[in-house]
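Residue numbers (my numbering), protein chains in the order written: chain A, 1 to 304; chain B, 1001 to 1262.
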């Protein structure tokens, strides 16, 4: 092949390369710009309403007096119940599947189904919870029912991230511990759990940040949309100073408060919804940020 | 000559008797019988895939960790003449008596001290004084004490590769093992670190029996008292190292040690 011919071919290949880069940048911009536009709109609409009062006021018939106190307290308490239920269940299930379960057909079927669970529409979880938690178990339309429902919803995320974190630990570490006479439980509790805690925690936070924005299953189990009181306090004056009465109280959460406001005819409530949206987005971004920071920290301290 | 009474020779530490091993359908070790002597180094050599690591890992029942593995025959550990492979013997018990050093240094992502102490903690030893004393002895025996005594709380990952491997040796020694298995302990190390590990092994054999797998024939010749040559799951030849390397009886052994294959 002669030199000019070779150069021609190279020039053409370079052109294709340039074209792809431009295509990639355009695709990226479309995605980013849409998000940015949405967020800016939300921020512009909501910002004027983001006063301290907005966080300390209950919802009200008057848009300018309405706040998100019961919503953010509700979201916080529901997330607490969700974390308490989902973390032990998800982490144990992940450890069992990865470290204990015999590798056979049944385990394979279970694994595939855990993956599938992550793809089930959340409203289906809501229906399940309505039957199981609200009616059969009699928890009612309470914080407990909502927390457990969202726990079910994010279980697959926690199971999968636990397993991935465990799989990231080199086999040599397991063998080293076993070779010293450790039992399986000692290997898990002394080594695998501590070394995988970063990955597990990341999964937990990502799961929770998904749960905090979920609306459909919470509506399905019948959360109220207008709540002008707080659940009973978890701290009481008498021994044992901690009360769990609040878990059975009715509640509302941030996305439901938003939903309620957007369905109002008065325009002023739309600004409230936008402001609540900004708060919710900030919460989610904050949680994801913590997850990223944790992952970075752990990767830096333990590298195989 | 009067027939010898059928007692165990006192210098025998362990003995494989007609050992067979299967990975699923694959017959990896075929009828291997081999003695391991007290306070001596026994080397296993052979080309990749010949079964030498598989053989070594039978001695601490490492194969029990994975499914579809099957042992046949016996490995007797003396002086109590127990069959390590018996289903009645708990693999944990075996690993408490026979410890192992791996090919790649594999310290835990913990402090130097906690690495050396882990085998003791597994045994329920948690008293600070006792741990400190045994960790120090193990680190001295692994020729690492002088390098780390002022920084026992630092992460083990801060050590160099050779130091990490010596830490792994200390970890294996801290539990007072009866037999130590070395699975190509220097293959991931540079020549200087290799030399220090070899020197260490020669010191250790005064105190403990050693079974070592090595890819490096010079290493087997330098450190071991006895050598076994394995090929495709068969034990081809076993003898004193100085005889096997100078005057092998078997053609395959000769081809291997003279570098014609492998």
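Ideal Cβ placement from N, Cα and C applies to all residues, glycine included. A quick note: this is a predicted structure, and the numbers were derived from the prediction, not measured.
Original post:
Looking only at DSSP bridge pairs, what is residue 1020 of chain B linked to?
Top reply: Counting from 1 along the second chain, the entry for residue 1020 of chain B is found at position 20. In the DSSP secondary-structure assignment, residue 1020 of chain B is bridged to B:1072.
**OP:** May I have the straight-line CA-CA distance separating residue 1056 of chain B from residue 1185 of chain B, to the nearest angstrom?
**Re:** Numbered from its first residue, the second chain carries residue 1056 of chain B at position 56. Numbered from its first residue, the second chain carries residue 1185 of chain B at position 185. Rounded to whole angstroms, the gap between the alpha carbons of residue 1056 of chain B and residue 1185 of chain B is 13 Å.
Subject >> Closest residue to residue 996 of chain B among B:1067, B:1065 and B:1082 (Cα-Cα distance) >> reply: The first residue shown for chain B is 1001 and the last is 1262, placing residue 996 of chain B beyond what the model contains.
Subject >> First through last residue of the alpha helix (DSSP H) which encompasses residue 1134 of chain B >> reply: Numbered from 1 along the second chain, position 134 holds the residue referred to as residue 1134 of chain B. Boundaries of the alpha helix (DSSP H) harbouring residue 1134 of chain B: 1128-1141, taken from the DSSP string.
Original post:
Taking 7 Å as the cut-off, is the CB of residue 95 of chain A close to at least one heavy atom of the ligand PLP?
Top reply: This structure does not include the ligand PLP; it has no bound ligands of any sort.
**OP:** For residue 1002 of chain B, count neighbouring C-beta atoms within 10 Å of its own C-beta (all shown protein chains included) and say buried if the count is 16 or more, exposed if not.
**Re:** To locate residue 1002 of chain B, count along the second chain from 1; it is residue 2. Confidence is the limiting factor: at residue 1002 of chain B the pLDDT is only 47, short of 50, which leaves the residue's position unreliable, though a coordinate-based value still follows. Result: exposed.
Subject >> Near-chain A residues of the region 1099-1117 of chain B - C-beta to any C-beta below 7 Å >> reply: Listed in sequence order: 1099, 1100, 1102, 1104, 1106, 1108 and 1109.
Original post:
If you run the structure through DSSP and keep just helix, strand and coil, what is residue 1013 of chain B?
Top reply: Residue 1013 of chain B sits at position 13 when you count from the first residue of the second chain. Note: residue 1013 of chain B maps to strand in three-state DSSP.
Original post:
Which residues, in chain order, does the region 156-190 of chain A contribute to contact with chain B at a C-beta distance below 8 Å?
Top reply: Using a CB distance below 8 Å, the part of the region 156-190 of chain A facing chain B consists of 170, 172, 173, 174, 175, 176, 177, 178, 179, 180, 181, 182, 183, 186 and 190, ordered along the chain.
Original post:
Fully enclosed by the region 47-94 of chain A, which beta strand (DSSP E) runs are 3 residues long or longer?
Top reply: As summarised for the region 47-94 of chain A, there are no continuous beta strand (DSSP E) elements at least 3 residues long confined to that stretch.
**OP:** In the DSSP assignment, find the unbroken alpha helix (DSSP H) run with residue 269 of chain A in it and report its ends.
**Re:** The sequence position of residue 269 of chain A within the first chain is 269, counting from 1. It spans 267-301 - the alpha helix (DSSP H) in which residue 269 of chain A sits, taken as one unbroken run.
**OP:** Out of A:67, A:155 and A:20, state which residue places its alpha-carbon closest to the alpha-carbon of residue 210 of chain A.
**Re:** The count along the first chain starts at 1 and reaches residue 210 of chain A at position 210. Out of A:67, A:155 and A:20, A:155 has the C-alpha closest to the C-alpha of residue 210 of chain A.
Original post:
Which residue's Cα is closest to the Cα of residue 277 of chain A: A:67, A:20 and A:12?
Top reply: In the first chain, the residue the question calls residue 277 of chain A occupies position 277. The shortest CA-to-CA distance from residue 277 of chain A to any of A:67, A:20 and A:12 is the one to A:67.
**OP:** Under 8 Å between beta-carbons, which chain A residues line up against residue 1060 of chain B? List them in chain order, please.
**Re:** Translated into the one-based positions of the second chain, residue 1060 of chain B becomes position 60. Neighbours of residue 1060 of chain B on chain A, chain order: 179.
Original post:
In chain E, which residues lie with their C-beta within 8 Å of the C-beta of residue 1169 of chain B?
Top reply: No chain E appears in the structure shown, which is made up of the protein chains A and B.
Subject >> Buried or exposed (CB count within 10 angstroms, at least 16 for buried), residue 106 of chain A >> reply: Along the first chain, read from residue 1 onward, the residue named residue 106 of chain A stands at position 106. Classification of residue 106 of chain A: exposed, given that the 10 Å Cβ count is below 16.
Subject >> residue 1115 of chain B classed as buried or exposed, judged by whether at least 16 other C-beta atoms fall within 10 angstroms >> reply: Start at 1 with the first residue of the second chain, and residue 1115 of chain B comes out as number 115. It counts as buried.
Original post:
Just the Cα atoms here: how many angstroms apart are residue 16 of chain A and residue 9 of chain A?
Top reply: As a position in the first chain, residue 16 of chain A is number 16, starting the count at 1. As a position in the first chain, residue 9 of chain A is number 9, starting the count at 1. For the pair residue 16 of chain A and residue 9 of chain A, the Cα-to-Cα distance works out to about 11 Å.
Original post:
Using a C-beta to C-beta distance shorter than 8 Å, which residues of chain B count as neighbours of residue 103 of chain A?
Top reply: The sequence position of residue 103 of chain A within the first chain is 103, counting from 1. Going along chain B in sequence order, the residues near residue 103 of chain A (Cβ under 8 Å) are 1067.
Original post:
When you compare only the Cα positions, how much space is there between residue 1138 of chain B and residue 146 of chain A?
Top reply: Within the second chain, numbered from 1, the residue matching residue 1138 of chain B stands at position 138. Within the first chain, numbered from 1, the residue matching residue 146 of chain A stands at position 146. Each residue's alpha carbon lies about 55 Å from the other.
Original post:
What three-state label does DSSP hand residue 1234 of chain B in the structure shown?
Top reply: In the second chain, residue 1234 of chain B corresponds to position 234, counting from 1. In the structure shown, residue 1234 of chain B sits in a strand (DSSP, three-state: E or B).
**OP:** With a cut-off of 8 Å on the beta carbons, I'd call residue 298 of chain A and residue 168 of chain A a contact; round off their distance for me.
**Re:** The sequence position of residue 298 of chain A within the first chain is 298, counting from 1. The sequence position of residue 168 of chain A within the first chain is 168, counting from 1. Their Cβ separation, rounded to whole angstroms, is 10 Å, which puts residue 298 of chain A and residue 168 of chain A out of contact at 8 Å.
Subject >> 7 Å Cβ shell around residue 63 of chain A - same chain, five flanking residues per side excluded >> reply: Residue mapping note: residue 63 of chain A aligns to position 63 of the first chain, counting from 1. Non-local beta-carbon contacts of residue 63 of chain A in its own chain, meaning distances under 7 Å to residues more than five positions away in sequence, involve 266, 268, 269 and 272 in chain order.
Original post:
residue 110 of chain A touches chain B at which residues, Cβ-Cβ below 7 Å?
Top reply: Position 110 of the first chain holds residue 110 of chain A. Residues of chain B with a Cβ closer than 7 Å to the Cβ of residue 110 of chain A do not exist, since the nearest Cβ in that chain sits about 17 Å away.
Original post:
Buried or exposed: which applies to residue 33 of chain A, given that a residue is buried once 16 or more other Cβ atoms fall within 10 Å of its Cβ?
Top reply: Working through the first chain from its first residue, we reach residue 33 of chain A at position 33. The residue in question, residue 33 of chain A, is exposed, as its Cβ has fewer than 16 Cβ neighbours within 10 Å.
**OP:** Identify, in the order they occur along the chain, each residue of the same chain with its Cβ nearer than 7 Å to the Cβ of residue 125 of chain A, setting aside the five sequence neighbours on each side.
**Re:** The count along the first chain starts at 1 and reaches residue 125 of chain A at position 125. Same-chain partners within the cutoff: 149, 152, 153 and 217.
Subject >> Own chain residues within Cβ distance below 8 Å of residue 1208 of chain B, not counting five before or after >> reply: As a working note, residue 1208 of chain B is residue 208 in the second chain. Result list for residue 1208 of chain B: 1039, 1173, 1177, 1178, 1179 and 1180, in chain order.
Subject >> Within chain A, partners of residue 1119 of chain B - CB distance below 8 Å >> reply: In the second chain, residue 1119 of chain B corresponds to position 119, counting from 1. Near residue 1119 of chain B (Cβ distances below 8 Å), the residues of chain A are 180 and 181.
Subject >> Residue span of the beta strand (DSSP E) that contains residue 1030 of chain B, given as start and end >> reply: Taking the second chain and counting its residues from 1, one reaches residue 1030 of chain B at position 30. Looking at the DSSP string, the run of the beta strand (DSSP E) that includes residue 1030 of chain B is 1026-1037.
Original post:
Between residue 1204 of chain B and residue 1141 of chain B, is the Cβ-Cβ spacing less than 8 Å?
Top reply: Translated into the one-based positions of the second chain, residue 1204 of chain B becomes position 204. Translated into the one-based positions of the second chain, residue 1141 of chain B becomes position 141. Yes; because the gap between Cβ atoms is below 8 Å, this pair is in contact.
Original post:
What does residue 1175 of chain B reach in chain A if we use C-beta pairs closer than 9 Å?
Top reply: Numbered from 1 along the second chain, position 175 holds the residue referred to as residue 1175 of chain B. Chain A residues near residue 1175 of chain B: 180 and 181.
Original post:
With contact counted as at least three CB pairs below 8 Å, one residue from each stretch, are the region 286-301 of chain A and the region 186-205 of chain A in contact?
Top reply: Judged by Cβ distances under 8 Å, the region 286-301 of chain A makes contact with the region 186-205 of chain A, as three or more pairs qualify.
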